[in-house]
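Asks:
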Amino acid sequence: MIERVATFGGTYYQNAIHNKGPLEPFIYASAKWFTSYDSYWFAIATYILIACFVLTVVASVIARLFGASSLVTWACSGLVLAHFFFSSSDYASVLYSRNITTCFLAAAVGLVLWEGVWETEKGARRAFVVVALLVGLSVQTLLTSALVAFLVVLLVLAMRGHQVPIRRQFVSFAMISGLTIVSVPIWYVVRGSFHEFWSGWWTYAGFMSKSTNRSFIDQLELGRHTFYTYYHQRPVLLWALTCAVIIFFIFRNSLHRNQRIIAVLLLAWLTSGWIELVLSQRYSSHYFSVVAVPSAFMFVAALSILWQSVAKYVGHRHPNKISLVIPVLLCSVLLLFQGTDSLFDGLSRVGRFTTFAAESQRNRENRDPESRLVQSVVDLVSPTDGAMLAWTMYPWTYLNYRRVPATRFSWKSFMEGEIYMGSTSSKYVLEDTWKWFAEDMKQTEPQVYLRPIEIDTNPSSPFFKYADSQFSLVLTSAKLDVQIRKNLLAKLVSPVTQGSSVKELSACFRVAGTIDPSEVRQDSEPPYVVISDRSMKKSDQKIVLPIGTPFSLVVGSKSAVLFEGNQVTSALAVSPDSHFFFSTNMATNVASEPLGYLPGCQRVTG
437 MIERVATFGG
447 TYYQNAIHNK
457 GPLEPFIYAS
467 AKWFTSYDSY
477 WFAIATYILI
487 ACFVLTVVAS
497 VIARLFGASS
507 LVTWACSGLV
517 LAHFFFSSSD
527 YASVLYSRNI
537 TTCFLAAAVG
547 LVLWEGVWET
557 EKGARRAFVV
567 VALLVGLSVQ
577 TLLTSALVAF
587 LVVLLVLAMR
597 GHQVPIRRQF
607 VSFAMISGLT
617 IVSVPIWYVV
627 RGSFHEFWSG
637 WWTYAGFMSK
647 STNRSFIDQL
657 ELGRHTFYTY
667 YHQRPVLLWA
677 LTCAVIIFFI
687 FRNSLHRNQR
697 IIAVLLLAWL
707 TSGWIELVLS
717 QRYSSHYFSV
727 VAVPSAFMFV
737 AALSILWQSV
747 AKYVGHRHPN
757 KISLVIPVLL
767 CSVLLLFQGT
777 DSLFDGLSRV
787 GRFTTFAAES
797 QRNRENRDPE
807 SRLVQSVVDL
817 VSPTDGAMLA
827 WTMYPWTYLN
837 YRRVPATRFS
847 WKSFMEGEIY
857 MGSTSSKYVL
867 EDTWKWFAED
877 MKQTEPQVYL
887 RPIEIDTNPS
897 SPFFKYADSQ
907 FSLVLTSAKL
917 DVQIRKNLLA
927 KLVSPVTQGS
937 SVKELSACFR
947 VAGTIDPSEV
957 RQDSEPPYVV
967 ISDRSMKKSD
977 QKIVLPIGTP
987 FSLVVGSKSA
997 VLFEGNQVTS
1007 ALAVSPDSHF
1017 FFSTNMATNV
1027 ASEPLGYLPG
1037 CQRVTG
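Numbering (this note's numbering), first residue to last: 437 to 1042.
Below, the structure written as structure tokens:
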């Protein structure tokens, strides 16, 4: 979606079927403002670290509220940071929509608890507005977060209502949050693309709910089963939460009003998180961030209460010991349960890091031969970040080859009515799907089409009717079918009618013809082409040419591809400064011609 907007313009919802608010794609798009292609994912990692840092700060505020010492507060904060940044949990070190909304709601809670911002009327008014905005953005992104958002509203009114110089605070809060939510549809009305927005944000979101075909009772039963399985597989977590609830109950009379409010809030937040999962009817492992965050905060609050109680009886006799025991204990828990493999793997990668460009180059050099072959074919006929048609369910079909989806229906599921963790039916295909698909094809005119072999085809689909009429298969690898647009392929493999003799050439040319077997000595090597790539400081590479069959060696600005008939038999990466030396002049039935219609060749040949 982000790359399509950058390449073809338009709104997010004109470039993808997106059933959430625009906050998530906006955050991902913002990383492009200050990064290059090589450093983009490092920026996303920085965003993830910032989100984890927000959770860490909120954890520290909760710990201090419940009377933890500075050292224990730091230890609790470190534990939260470690868990959400580098643990083995699937919701850790990612930036999905639920990570974002949970972070925003946690930030809202932290802001409510932060005493300093509420001390003056001006500060209280600003904090009130910011909390309302955070709540509105969360609900706008995921409607299922509304229940937790409502808890935040109650928290603001209960803890800070007397400090906010605003009349009708509940109404004011609802208006600010409500305007935040409706600002998005209003924006798309103004942009003239409301229909596309509504089709994704509301209509397709409705498909997500209906496609499970479960009654409300069935949803509850599935939720009960998932709840049991989740904690059965995580006995340590269940033990920690049970202890937290017991501690809250035992010390309830010794807690002051705000502490009791937060204890109740955290219990209600955890319950609401499970309700959100039940209502969404989906239990992907990364969705559980909505219950992991309140669970972590409950653990921090309970540990702070316990530390304060123990410190009263032990700390006055052994103050240094009590200050050291709990942090050491927490560090031990960290090492045992927080996924040290991820930490050590990350540290080893950091040790090898030099520059963003060098890291990208290392990744490219470590690619398997099949990926290099496909990359060379794709690079020949389409520019970097250019449009590519694909029938896939995998993001790496595009990312691995640095191409942009040619249509807003980047996943085949949108065109099949295949709903994630739901049923498949044509009634879940949006009404304007094939109209939009035709518009996308007219706009992007993709020259290459990829299909992972393991993905089933559907010959009756308008997608395949278009693909079969416009593309021809040129390569079948172990994992992918690669097809090129028919009119372009015809140019690449047709005989050279008015060419020149072949001796030494540079980039952007085509050599085509048939090598007569009678002109090749039996005791000599087959005809070949040596590629000398001095600019890249690599050893010479060689392409062996076929004898007795028509061939076309096509060299673009980034790759050289050998066709035998209409099929690709070999391909490799080159640079515009490469030189090609032919082992023989290959007689008069083989000739060359310059190319100016391939990506990057207009500049080279012009």
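Here a beta-carbon is modelled for each residue, glycine too, at the ideal position from N, C-alpha and C.
Rounded to the nearest angstrom, what separates S629 and T447 at their Cα positions?
Replies: Spanning the two alpha carbons is a distance of roughly 8 Å.
Asks: Alpha carbons only, please: which of Y667, S505, V681 and I453 is nearest the one belonging to W637?
Replies: The residue with the shortest Cα to Cα distance from W637 is I453.
Asks: Taking contact to mean at least 3 C-beta pairs separated by less than 8 Å, is the region 690-703 in contact with the region 500-510?
Replies: Judged by Cβ distances under 8 Å, the region 690-703 makes contact with the region 500-510, as three or more pairs qualify.
Asks: Looking only at its own chain, which residues have a Cβ that is under 8 Å from the Cβ of Y1045, when we skip the five neighbours before and after it?
Replies: Absent from the model: residue 1045. The displayed extent of the chain is 437 to 1042, so no value can be given.
Asks: Would you mind sorting T616 into buried or exposed? The rule is 16 or more other CB atoms within 10 Å of its CB.
Replies: It counts as buried.
Asks: For P982, does the three-state DSSP call read helix, strand or coil?
Replies: In this structure, P982 counts as coil in the three-state DSSP scheme.
Asks: Report all residues from its chain with a CB closer than 8 Å to the CB of T893; omit the five preceding and five following residues, and keep chain order.
Replies: Cβ neighbours of T893 beyond the five flanking positions: W827, R887 and F900.
Asks: 8 Å is my cut-off, CB to CB: does N689 come that close to chain D?
Replies: The structure shown has no chain D; it contains just one protein chain.
Asks: Less than 6 Å between C-beta atoms, sequence neighbours within five positions excluded: which residues of the same chain meet that for L1034?
Replies: Once the five neighbours on either side are set aside, the close Cβ partners of L1034 are G992.
Asks: If the criterion is Cβ atoms closer than 8 Å, does the pair S866 and T843 meet it?
Replies: First, the residue type needs correcting, since residue 866 is Leu and not Ser in the sequence shown. It is not a contact, given that the beta carbons lie outside the stated cut-off.
Asks: How many Å lie between S1006 and M829 at the Cα?
Replies: Whole-angstrom Cα-Cα distance: 27 Å.
Asks: Can you round the beta-carbon distance between Q883 and R921 to whole angstroms, since I take them to be within the 8 Å contact cut?
Replies: That pair is a contact at about 5 Å.
Asks: Residue range of the alpha helix (DSSP H) that H661 falls in?
Replies: First-last of the alpha helix (DSSP H) with H661: F652 to H668.
Asks: Leaving out the 5 sequence neighbours to the left and right, which residues in its chain are closer than 7 Å to Y667 when beta-carbon positions are compared?
Replies: So the list reads L673 and L674, once near-sequence residues are dropped.
Asks: Run the CB neighbour count on P962, radius 10 Å, all protein chains shown included, and call it buried at 16 or more, exposed below.
Replies: It counts as exposed.
Asks: Is the beta carbon of A563 closer than 8 Å to that of L491?
Replies: For L491 and A563, no; Cβs fall outside 8 Å.
Asks: Near L835, what residues of its chain come up, given a Cβ to Cβ distance below 8 Å and the 5 sequence neighbours on each side ignored?
Replies: The answer is none, since no qualifying residue turns up.
Asks: Do you know whose CA, among V600, L587, F999 and Q879, lies nearest V553's CA?
Replies: Answer by Cα proximity: V600.
Asks: Go ahead and pull the three-state DSSP assignment for V991.
Replies: Reduced to three states, the DSSP call for V991 is strand.
Asks: Fully enclosed by the region 882-949, which beta strand (DSSP E) runs are 3 residues long or longer?
Replies: Runs of the beta strand (DSSP E) inside the region 882-949: 884-888, 907-912, 916-921, 940-942 and 945-949.
Asks: Tell me whether the region 482-496 and the region 727-746 touch, counting them as touching only if at least three CB pairs, one residue from each stretch, are closer than 8 Å.
Replies: Taking 8 Å as the limit for Cβ pairs, the verdict is that the region 727-746 does touch the region 482-496.
Asks: Leaving out five residues before and five after A699 in sequence, what residues of the same chain have Cβ atoms less than 6 Å from its Cβ?
Replies: Same-chain partners within the cutoff: F684.
Asks: At a cut of 8 Å, does the region 652-668 reach the region 461-474 through at least three beta carbon pairs?
Replies: With the cut-off at 8 Å, the region 652-668 and the region 461-474 do not touch.
Asks: If we call anything under 8 Å between Cβ atoms a contact, is V620 one with G457?
Replies: Yes, the pair counts as a contact, with Cβ atoms nearer than the cut-off.
Asks: Tell me where the alpha helix (DSSP H) around E439 begins and ends.
Replies: Where E439 is concerned, the enclosing alpha helix (DSSP H) stretches over I438 to F444.
Asks: Under a three-way DSSP split, which group does V840 fall into?
Replies: Of the three classes helix, strand and coil, the one that applies to V840 here is strand, per DSSP.
Asks: Could you say which of F945, P982, V932 and I967 lies nearest to D952 if we only look at CA atoms?
Replies: The shortest Cα separation from D952 among F945, P982, V932 and I967 belongs to P982.
Asks: CA-CA distance, A585 and V726?
Replies: If I take the Cα positions, the gap works out to 12 Å.
Asks: Among L531, H598 and F643, which one has its Cα closest to the Cα of S861?
Replies: Nearest C-alpha to S861: F643.
Asks: If I'm right that V516 touches A732 with Cβ under 8 Å, what's the distance once you round it to whole angstroms?
Replies: Between A732 and V516 the Cβ distance is about 5 Å, and since that is below 8 Å, they are a contact.
Asks: Quick check for students: name the residue ranges of the alpha helix (DSSP H) that lie wholly in the region 468-505, counting only runs of 4 or more.
Replies: DSSP runs (the alpha helix (DSSP H)) wholly in the region 468-505: 476-501.
Asks: Please report the distance separating the alpha-carbon of E875 from that of W634.
Replies: If I take the Cα positions, the gap works out to 19 Å.
Asks: How long is the line joining the alpha carbons of A479 and W847, rounded to whole angstroms?
Replies: The straight-line gap from Cα to Cα measures roughly 25 Å.
Asks: As a quick exercise: from T443, F489 and I686, pick the residue whose alpha carbon is nearest that of K468.
Replies: For the residues T443, F489 and I686, the minimum Cα distance to K468 belongs to T443.
Asks: Am I right that V840 and R440 are in contact with their C-beta atoms under 8 Å? What's the rounded C-beta distance?
Replies: About 6 Å; that satisfies the 8 Å criterion.
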